[in-house]
Every structure is written in structure tokens, then in C-alpha cells.
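If you're matching them up, the sequences are chains A and B in order.
Residue numbering for the first sequence follows this note's numbering, beginning at 1 and increasing consecutively.
Residue numbering for the second sequence follows this note's numbering, beginning at 1001 and increasing consecutively.
A quick write-up on the structure given underneath.
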Amino acid sequence: MILSRRKRPSALISLVPMIDVMLILLVFFMVTSTYLNLDMIPALRPAEGAAAASKTPEVRLMIRLQADGTPSLRGEALSPPALAQILQKALEEDPTAQMVILPSGSAPTQALISLMDLAATAGVQNMRVLRLEARQ
Amino acid sequence: MKLKRRPRNPQSETIIALIDVVFFLLVFFMLIGRMDATAPFDVAPPQAQTGRDMPAGGITLAISQDGDLALDGTEITKTDLPAALASQLAQKPEMRLRINAHRDADLRHVLPQVSQAEALGFLDVVLVVTPERSVRGQP
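Written as C-alpha cells, this is what we have:
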């Protein structure tokens, strides 16, 4: 006697729920994604600070950052190209020249970052940001 | 005259193409997107050309233009901030602190936070910058 197995009906998996889930995930990632290209600049360099402290640089430039964001050296306001030139000259004289920035509390953050950016581009490796605190 | 409607072809093949496209888009956004704790206020980081790639991890302190603070997306007062930072540092001593300050924020709102983090014992404090010219919400 030949027993014939009954043919199973082919299983149909509906794709519609999967598409729904994928679309929901897609919209979620599209909405929550951030497209800012973010970088960082170190604000604290304890190791470098300790190393720099042992070797005193011959040239030290005190750059003040005025409230409007303009850098000044010895009371003279400087444009970015003029400052870059001064920094390069100082670095030629002493490659370990230190740049000390004394910013005004009213200066915008962008001004300080631009100044640090300019110094880093000029090749300054020894940089410090000072902050004066009111005595309590 | 009786017109016969032509039987429709099964739609499964076109649906598979759609699934492929949606799937690629999904993977694209998963890889490209950066999910991060956003601040409850608008923060446009300053621009810099010499910034380094920012590795993941750490906690983010956002500072608004007016000096409002938010730690990992939650608004916090200046009074409560030291305790919150200290508790985070106690959990992980090598914790990185990312300071995401608005580009127009006065430095009197930003620099004290750097000094405070240093005083608390943070060894890795970075300022968040962007190399892009335009930032979301800014011209």
C-alpha cells in the first residue's frame, strides 16, 4: 500500500509587518541622528604642563583677549595675520616659546578658540590660558 | 463587448526591491547617526580648524549662550554641578569631560567650569568644536 503524504500548503509569510517595522526604525534613526561634525580641543594638559614647568621658555608672550574678542599684545590690538607673524617670529627665536592667554570674562568663546586655533596653526605648542579670579 | 481585465502579477518582487532600499537606508542612518544626549537649549559649538577627532565616551557639559548648564542632556544649576561631577568621577576616575559651550557664550561662564573640573580631579577635559562653517540653527 502506498501512503502518500499530504502536501503541505506553502507557508506564506506576510512581508507587510516587516516593512512596517523597518520603516519605523528608519524614521527613528533619521529623526534622532545628529549630523554635526564635532571635534575637540584639549582644555587641560597636566602632563605637558608638568614637563613645561621644568623647562622655562626664553620667550613668553602674554596675549590679552579683549571683551570684543580682539587679541592684543602690550596694549596694541592685533589682527590675526599680524599676530600669526609675531608668533612665528617668536618661535624662530625660541621653538619652546610660551603663549599665555589672558582672556576677558566678557569675550565670546569663539574668540578664545580662534586664538588657540591661530596659535596651533603657527606652531605654538606651549600655551596656557589664565583666568583671574576675584578675591573672596 | 465584454472586456477582460488582465490578471495582475503578484507584487512580491517589487516589494522585495522596496525592502532592499529601506534596509540600506536603515543601515546608513544607523552607521552615520550619532545618538547623543542633546542639551535642552540650543548650543552651536565654536569653529576650529585644528580640532582633533572626538572619541566616544565621557560626559558632556553643555553651556548655553546665557550660561545655563546641562549635564548629559539634563539641565543643572551651578550649585548642583560640582556634586554631580564628583559622583561621576567617583564611578570612573579617568572620566572624560566634554565641555560643549555655545560659541557666543561669555568666557566667564565657560572657564570657571574648566577650573572647577580641574579642581575636582578631572584629568581629561576637552572643549567641543566643529570644523564646519554652518551649524544647525545658525546661518
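Cβ atoms here follow ideal geometry from the backbone N, Cα and C, with glycine treated the same way.
Expected contact under 8 Å - CB spacing of residue 1127 (chain B) and residue 40 (chain A) to nearest Å: The C-beta separation of residue 1127 (chain B) from residue 40 (chain A) comes to about 7 Å, placing the pair in contact by the 8 Å criterion.
From A:105, A:38, A:108, A:115, residue whose alpha carbon lies closest to that of residue 73 (chain A): Residue 73 (chain A) has its Cα closest to that of A:115, out of A:105, A:38, A:108, A:115.
Range covered by the alpha helix (DSSP H) that runs through residue 93 (chain A): Start and end: 80-93.
Where the beta strand (DSSP E) containing residue 39 (chain A) begins and where it ends: First-last of the beta strand (DSSP E) with residue 39 (chain A): 39-42.
Cβ of residue 70 (chain A) within 8 Å of any chain B Cβ: So no, residue 70 (chain A) is outside the interface.
Strand pairing of residue 1116 (chain B), partner residues [DSSP]: None, per the DSSP bridge assignment.
Inter-stretch contact at 8 Å, needing at least 3 Cβ pairs: the region 76-85 of chain A / the region 1015-1030 of chain B: Remark: fewer than three beta-carbon pairs, one from each stretch, lie closer than 8 Å, so the region 76-85 of chain A and the region 1015-1030 of chain B are not flagged as touching.
Residue 1085 (chain B) to residue 1122 (chain B) span [Cα, whole Å]: So the alpha carbons of these two residues sit roughly 9 Å apart.
Within chain B, partners of residue 20 (chain A) - CB distance below 9 Å: Here the premise fails: no neighbours, minimum Cβ distance about 10 Å.
Where residue 1015 (chain B) sits in the DSSP three-state scheme: Note: residue 1015 (chain B) maps to helix in three-state DSSP.
Cβ separation of residue 99 (chain A) and residue 87 (chain A), assumed to be a contact under 8 Å, to the nearest whole Å: At roughly 7 Å, the Cβ-Cβ gap stays under 8 Å, so residue 99 (chain A) and residue 87 (chain A) are in contact.
Residues bridged to residue 72 (chain A) [DSSP beta-bridge criterion]: The partner list for residue 72 (chain A) (beta bridge, DSSP) reads A:64, A:77.
Stretch-stretch touch, CB-based, cutoff 8 Å, three pairs: the region 1021-1028 of chain B with the region 9-27 of chain A: Yes: the two stretches touch, three or more of their Cβ pairs being nearer than 8 Å.
Contact set for residue 1103 (chain B): own chain, Cβ-Cβ below 6 Å, skip 5 residues either direction: Within the same chain, Cβ atoms closer than 6 Å to the Cβ of residue 1103 (chain B) are found at 1044, 1046, the five residues on either side in sequence being excluded.
Buried versus exposed call for residue 12 (chain A) [16 or more other C-beta atoms within 10 Å across all chains shown]: That one is exposed.
Coarse secondary structure for residue 20 (chain A), derived from DSSP in three states: In the structure shown, residue 20 (chain A) sits in a helix (DSSP, three-state: H, G or I).
C-alpha distance - residue 1112 (chain B) paired with residue 91 (chain A), whole-angstrom precision: Going by C-alpha positions, residue 1112 (chain B) is about 30 Å away from residue 91 (chain A).
Same chain, Cβ closer than 7 Å to residue 1058 (chain B), neighbours up to 5 away in sequence not counted: Closer than 7 Å at the Cβ level, and outside the excluded window around residue 1058 (chain B), lie 1095, 1096, 1097, 1098.
Which listed residue (B:1116, B:1039, B:1130) has its alpha carbon closest to that of residue 1124 (chain B): With respect to the C-alpha of residue 1124 (chain B), the residue from B:1116, B:1039, B:1130 having the closest C-alpha is B:1116.
Chain-order list of residues whose beta-carbon lies under 6 Å from that of residue 49 (chain A) (same chain, five-residue window excluded): Low confidence applies here, because residue 49 (chain A) scores a pLDDT of 47, under 50, leaving its location unreliable; read the following figure in that light. Setting aside the 5 residues that flank it on each side, residue 49 (chain A) has no residue in the same chain whose C-beta is closer than 6 Å to its C-beta.
Nearest residue (CA-CA) to residue 1050 (chain B), options A:67, A:117, A:42, A:15: Residue 1050 (chain B) has its Cα closest to that of A:117, out of A:67, A:117, A:42, A:15.
Nonlocal neighbours in the same chain, by C-beta distance under 6 Å from residue 83 (chain A), ignoring five residues either side: 71.
Chain-ordered chain A contacts of residue 1101 (chain B) [CB-CB under 7 Å]: 109, listed in chain order.
Chain-ordered chain B contacts of residue 80 (chain A) [CB-CB under 9 Å]: Against chain B, a Cβ distance below 9 Å from residue 80 (chain A) picks out nothing, because the smallest value is about 12 Å.
Nearest-angstrom Cα separation, counted from residue 1092 (chain B) out to residue 1080 (chain B): Here the alpha carbon of residue 1080 (chain B) sits roughly 19 Å from the alpha carbon of residue 1092 (chain B).
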